[in-house]
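*Asks:* Input: one structure, supplied below.
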Amino acid sequence: SNLTRGAVRSPLAQCLLIRYISQIIRESGNIQTADRPFYDYLEGCLRHKAEMVIFEAARAITELNGVTSRELTPAITVLQLFLSSSKPVLRFAAVRTLNKVAMT
Numbered sequence: 001s002n003l004t005r006g007a008v009r010s011p012l013a014q015c016l017l018i019r020y021i022s023q024i025i026r027e028s029g030n031i032q033t034a035d036r037p038f039y040d041y042l043e044g045c046l047r048h049k050a051e052m053v054i055f056e057a058a059r060a061i062t063e064l065n066g067v068t069s070r071e072l073t074p075a076i077t078v079l080q081l082f083l084s085s086s087k088p089v090l091r092f093a094a095v096r097t098l099n100k101v102a103m104t
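Residues 1 to 104 in UniProt numbering are what the sequence shown spells out, letter by letter.
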């Protein structure tokens with residue numbers, strides 16, 4: 001829709017939009033061809049300039065059911081980059097999310 005095309009400028013609003021999109025994908029089952037634009041939006045958010053948007057998108061992708069390793073790779077890469085961040089909060093969030101991925 002219009003919201004996923006970049007009409008939202010606030011990073012907080014984008015985080016909320018990411019949560020809505022991940023909920024839509026979860027409720028529809030798994031990532032199917034109809035949900036592909038939603039997943040593409042989540043993957044595009046991994047290249048956002050705001051760290052919280054990047055983390056929220058990575059977390060949303062890792063929590064999706066039925067995601068393939070190919071679809072999971074960009075989110076894992078971003079989380080690995082956060083491990084070398086100078087901000088302790090980003091490091092902790094990345095470790096926590098990667099731990100959840102490792103446990104599944």
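Glycine is no exception: its CB is placed at the ideal position from the N, C-alpha and C atoms.
By alpha-carbon positions, which one of 88, 43, 63 and 87 ends up nearest to residue 174?
*Replies:* Because residue 174 is not part of the residues shown, which for the chain are 1 to 104, the question remains open.
*Asks:* Return the chain-ordered ranges of every alpha helix (DSSP H) run that is complete within the segment 39-67 and spans a minimum of 4 residues.
*Replies:* Whole alpha helix (DSSP H) segments, 4+ residues: 51-62.
*Asks:* What do you get for residue 59, buried or exposed, if any count of 16 or more other CB atoms within 10 angstroms of its CB means buried?
*Replies:* Flag for residue 59 reads buried.
*Asks:* If you reduce the DSSP assignment to three classes, tell me which class residue 87 lands in.
*Replies:* In the structure shown, residue 87 sits in coil (DSSP, three-state: anything other than H, G, I, E or B).
*Asks:* Nearest chain C C-beta to residue 59 closer than 8 Å, yes or no?
*Replies:* Of the protein chains in the structure, only one exists, and it is not chain C.
*Asks:* Using CA atoms only, rank isn't needed, just tell me which of 67, 75, 7 and 83 is closest to residue 43.
*Replies:* It is 75 whose Cα lies nearest to the Cα of residue 43.
*Asks:* Measure the C-alpha to C-alpha separation of residue 67 and residue 55 and round it to an integer number of angstroms.
*Replies:* Answer to the nearest angstrom: the Cα atoms are 17 Å apart.
*Asks:* Measuring CA to CA, which of 36, 29, 38 and 77 is closest to residue 101?
*Replies:* The shortest Cα separation from residue 101 among 36, 29, 38 and 77 belongs to 77.
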